[in-house]
Amino acid sequence: MKKNKQIAKNRKWDILGIGHPLFDIGISISEEVLRELNFKKGSMSLITNEESRNILKKLSEIDWELTPGGSACNTLSGAKLLGSRVVFLGVVGKDKYGNKYHQKIEEEGIVSHLSYHDEHSTGHSIILSTPDGERTMLTHLGASVKFAKEHIREDEIRNSKILHVEAYQLENPETRHVILHAIKIAKENSTLVSLDLSDSELIKRNKIFFQNIVKEHIDVVFANEEEAAEFSGQKSPIEALCDISENCHVAVVKMGAKGSLIKKEEKIFKIKAHPVEMINTNGAGDMYAAGILHGLVNDLDLQIAGETASHVSALVVSSVGARMDKKHHKLIVKYKKMENKQDYKIKDIALAEYGRKEIIIAEKEMPGLMALRKKFGKKKPLKGARILGSLHMTIQTAVLIETLVSLGAEVRWVSCNIFSTQDHAAAAIAQAGIPVFAWKGETLEEYWWCTEQAFKFKGGLGPNLIVDDGGDATLMLHLGAEAEKDPKILKKSYSGKGEDEKELMKIIARMHDENPNFWSKIIKGVKGVSEETTTGVHRLYQMFEQKRLLFPAINVNDSVTKSKFDNLYGCRESLADGIKRGTDVMVAGKVVVVCGYGDVGKGCAQALRALSAQVWVTEIDPINALQAAMEGFKVVTMEYAADKCDIFVTA
1216 MKKNKQIAKN RKWDILGIGH PLFDIGISIS EEVLRELNFK KGSMSLITNE
1266 ESRNILKKLS EIDWELTPGG SACNTLSGAK LLGSRVVFLG VVGKDKYGNK
1316 YHQKIEEEGI VSHLSYHDEH STGHSIILST PDGERTMLTH LGASVKFAKE
1366 HIREDEIRNS KILHVEAYQL ENPETRHVIL HAIKIAKENS TLVSLDLSDS
1416 ELIKRNKIFF QNIVKEHIDV VFANEEEAAE FSGQKSPIEA LCDISENCHV
1466 AVVKMGAKGS LIKKEEKIFK IKAHPVEMIN TNGAGDMYAA GILHGLVNDL
1516 DLQIAGETAS HVSALVVSSV GARMDKKHHK LIVKYKKMEN KQDYKIKDIA
1566 LAEYGRKEII IAEKEMPGLM ALRKKFGKKK PLKGARILGS LHMTIQTAVL
1616 IETLVSLGAE VRWVSCNIFS TQDHAAAAIA QAGIPVFAWK GETLEEYWWC
1666 TEQAFKFKGG LGPNLIVDDG GDATLMLHLG AEAEKDPKIL KKSYSGKGED
1716 EKELMKIIAR MHDENPNFWS KIIKGVKGVS EETTTGVHRL YQMFEQKRLL
1766 FPAINVNDSV TKSKFDNLYG CRESLADGIK RGTDVMVAGK VVVVCGYGDV
1816 GKGCAQALRA LSAQVWVTEI DPINALQAAM EGFKVVTMEY AADKCDIFVT
1866 A
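Final position of the sequence shown in this note's numbering is 1866; the numbers increase by one with none missing.
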C-alpha cells in the first residue's frame, strides 16, 4: 500500500490514537522485592486479574498511585499539552474505573471516544519502579483487548493527520485484524500511520510480522535501542536506525541518557538527552513520541521537534508519573517557544548554502534593486510595512525579498505556483530568518495552506501590503471576508468546480470554524495590492466592476517596465531556458508555433529562432500579424498548425 510522505492539511484532528486504556498503578520498590516477585527487570509481562490481585496483596503495605495510562494515551496526553488536537479510541469496562478513566483524560483535553464492555473490567498495569529509575510493567489488559471493528470511528480517522498505534495491540490475535483495518482506512485517506514498537520481547516473538507491517503500511516508527536491535538485527543504534528507515518515512531510535536518533529520507538528526535527575522512566518514551508527532503535524524541523521531544520526556523522567501535568505548565510553555525558532515550511534547509551562492550571483544581475538598498537602506523607508508576497519563489525573487527587508519591511512569502519554487532559494530565505512557505511540487491543499500562513504576522496582525502574482492571495482574502459576512457560502456545493477552488474553500471553511473574524480583522489593515500578471489584473478588474474590491490595486502588469522590458526581453531569456529545463528537448529543426505576437510573443519567437527552430505565429490582431510577417515569421491559423508543429507556445 502506498506510503504517505506529506502531512495532510485541513484536518479536524492532529493525532488519533488507538491503544489499551489502562490505569497505571505506580509502586516504588527495592531491587530485592523485584527479585522476590520473579519478573525480568525492565520488561512488560501480561498477567491475569488473579495474578494482579496476588501481587497487589503482597505489596499492600507500600504506597501506590493510580493514574490513567496506556502507551498511546500517554502520547496523546503529551501532544495535547504541547498544543495538538487529539482523540483517543479504546475499550474500558463498564465499571467505576472505566468511567474514571474517561473523566480523567477528558480533563486533560483528550477527546475520548471510549467504548464500554459489559463483561470485562477496565485494564490496568502495575508499574514497578526500582531506585535506578527503571520500570517493570505487569499488565492485565482486561476490557482493552475487546477493541473491535464497530469501535473504530472511520470518520475520525479520515479527519486526522496521524493515526498512532501500539505494537501491543498488533500482537494480540483479538485486536490485530481490527488495527490493520484502521490502518487501511488511514492509508486510503492520506492519514500518516505511526507505530510504537512498544517492547523488545514482543518484537522478538513477532519479528517477521512487524517487519512486513512496517514495510507495507507504516510511515513513522518509534523504537528504543533494544526494540530497534531486535527489529533490525543490528546492534549499533545508527545501523538499526538506517535499517528501519529503509521502509518508513521517519524512523526514531531512543537511547535514554545517550539521546536519540531520527532519520528522515537521507538526513539523520542527533538529539541530545536533557540532563535531569532520574526518578522514573515510565512514560518517557511515550512523551518523546508526543514531541515528535506534535512536531510533524506542525511542520517543525525535525531537529527542533527532537529537542522538544527530549525536553518533555525529561519532565516525565524527573517526576513520579508517566505523564506531564499542569505543574509542568511553565516548562511546557518554555519548550513550546522552541517551535518559534522555525517560522517557515520548505523542502530542505540544508539547501540554503547553495541558494545563497546563487543569490550572490543574481545580485550582480539586478543593479536596480541593489541601488535601492544602497540609497535607502539606512533610512528604512519601509519600516512598519508588513508585506505579504505571493510570487514565484526563485533566486531573483529572493533578491527582491531581501531588498524589501533591507528597506525596513517585515515580509512573509509564498509561491504563486505549485511547481515553480526553486527549493534552494526558499532555503536561503528561510535561513536568513524570513518566513517563507514554499516548495516545488506542493499539492493544492498545501498551496492554500502556505498562503494562509503568509497572512499570519506576529502579534495577530496581517499584511498591510500585498505583492501578488496571479491574484491568489487577494482572492483568498476577499473570499474569506465574504464568507464571514455570509457563512452560507461555506455550505454551497463546489462539486462542479475545479480542484483549486474546492481546496481553497475547504481552507476558508476550516479557518472560519477556528476564528470567524480572522479575515474581517486582517482586511482592515490592508492598504493595497500590486498585481503583475494578466490573469491577476483581469481578476482585479472584474472585482472592481462588481464593487467587490476592498482596497486599492496597482496594475504592475501594464506598466512600461513590465510590458516593454520584462515581457519582451525577460521572456526571450526565460522561455528557452524553461523549455530546456522542463523537457530536455532539442529545439533546432523543430517546427514551433507561437500563439500571439504581443511583446511576450515577440520575445519568444526571437528566442526560438535563435535556437534554429522554424517559427510560425498565430495572431488574431491584424497589425501584430503583419509585424510578424514583416519580421520573417510564417503567419498561420491554429487550425493549420495544430497537426504540423512540434512545440506550441502560448504567449
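Glycine included, each C-beta is placed from N, C-alpha and C at the ideal position.
Candidates the options: closest to residue i by CA position
i, options, result
"residue 1629", "1405, 1669, 1679 and 1609", "1669"
"residue 1567", "1416, 1522 and 1649", "1649"
"residue 1395", "1372, 1450, 1685 and 1844", "1372"
"residue 1642", "1623, 1688, 1569 and 1336", "1569"
"residue 1644", "1667, 1608 and 1656", "1608"
"residue 1500", "1864, 1469, 1302 and 1636", "1469"
"residue 1503", "1711, 1526, 1696 and 1745", "1526"
"residue 1811", "1791, 1821, 1587 and 1836", "1836"
"residue 1193", "1631, 1477 and 1473", "Here the chain has residues from 1216 to 1866 only, and residue 1193 is not among them."
"residue 1865", "1854, 1848 and 1832", "1832"
"residue 1620", "1595, 1857 and 1687", "1595"
"residue 1262", "1351, 1225 and 1314", "1351"
"residue 1406", "1671, 1227, 1841 and 1802", "1227"
"residue 1634", "1622, 1709, 1653 and 1754", "1653"
"residue 1601", "1586, 1673, 1384 and 1557", "1673"
"residue 1224", "1297, 1319, 1314 and 1377", "1377"
"residue 1590", "1571, 1622, 1572 and 1577", "1622"
"residue 1563", "1578, 1637 and 1530", "1637"
"residue 1817", "1460, 1802 and 1780", "1780"
"residue 1584", "1402, 1364 and 1616", "1616"
DSSP state of residue i mapped onto helix, strand, coil
i, result
"residue 1652", "strand"
"residue 1242", "strand"
"residue 1863", "strand"
"residue 1853", "helix"
"residue 1581", "coil"
"residue 1528", "helix"
"residue 1810", "strand"
"residue 1439", "strand"
"residue 1361", "helix"
"residue 1572", "helix"
"residue 1305", "strand"
"residue 1829", "strand"
"residue 1433", "coil"
"residue 1537", "Here the model assigns residue 1537 a pLDDT of 47, short of 50, so the residue's position is not dependable, and the following value carries that caveat. Of the three classes helix, strand and coil, the one that applies to residue 1537 here is coil, per DSSP."
"residue 1331", "strand"
"residue 1254", "coil"
"residue 1639", "helix"
"residue 1868", "Residue coverage of the chain in this structure runs from 1216 to 1866, which leaves residue 1868 outside it and unanswerable."
"residue 1820", "helix"
"residue 1466", "strand"
"residue 1339", "strand"
"residue 1231", "strand"
Sequence-distant residues of the same chain with beta carbon closer than 7 Å to residue i, five excluded per side
i, result
"residue 1324", "1295"
"residue 1916", "Because the chain in this structure spans residues 1216 to 1866, residue 1916 falls outside the shown range and cannot be described."
"residue 1374", "1226, 1227 and 1228"
"residue 1715", "1659"
"residue 1735", "1696 and 1699"
6 Å Cβ shell around residue i - same chain, five flanking residues per side excluded
i, result
"residue 1330", "1306 and 1366"
"residue 1514", "1560"
"residue 1440", "1452 and 1470"
"residue 1907", "Here the chain has residues from 1216 to 1866 only, and residue 1907 is not among them."
"residue 1430", "1462"
Nearest-angstrom beta carbon gap, residue j and residue i [assumed within contact, 8 Å]
i, j, result
"residue 1823", "residue 1830", "5 Å"
"residue 1341", "residue 1356", "About 12 Å; that fails the 8 Å criterion."
"residue 1189", "residue 1390", "What the structure shows of the chain is the stretch from 1216 to 1866, and residue 1189 is not part of that stretch, so it cannot be assessed."
"residue 1339", "residue 1238", "4 Å"
"residue 1574", "residue 1614", "6 Å"
"residue 1240", "residue 1345", "The pair is not a contact, with the Cβ atoms about 16 Å apart (cut-off 8 Å)."
"residue 1863", "residue 1808", "5 Å"
"residue 1793", "residue 1751", "Not a contact, Cβ separation roughly 20 Å."
Other residues of its chain near residue i: CB distance less than 8 Å, five sequence neighbours each side excluded
i, result
"residue 1380", "1232, 1233, 1234, 1287, 1394, 1397, 1398, 1408, 1409, 1410 and 1411"
"residue 1741", "1677, 1678, 1679, 1680, 1681, 1692, 1765 and 1766"
"residue 1257", "1349, 1350 and 1351"
"residue 1465", "1434, 1435, 1436, 1477, 1478, 1479, 1507, 1511 and 1517"
"residue 1821", "1787"
Can you list, in chain order, the stretches of the beta strand (DSSP E) that have 3 or more residues and sit fully within the stretch 1601-1635? 1601-1605 and 1625-1629
Segments assigned beta strand (DSSP E), at least 3 residues, entirely inside the stretch 1737-1780: 1743-1746 and 1768-1770
Run through the stretch 1349-1405 for me and flag every whole alpha helix (DSSP H) of 4 or more residues, listed as ranges in chain order. 1369-1373, 1382-1386 and 1388-1403
In the stretch 1672-1737, which residue ranges form an unbroken beta strand (DSSP E) of at least 3 residues, counting only runs that do not cross its ends? 1680-1683
Unbroken stretches of the beta strand (DSSP E), 3 residues or longer, contained in the stretch 1268-1300: 1279-1284
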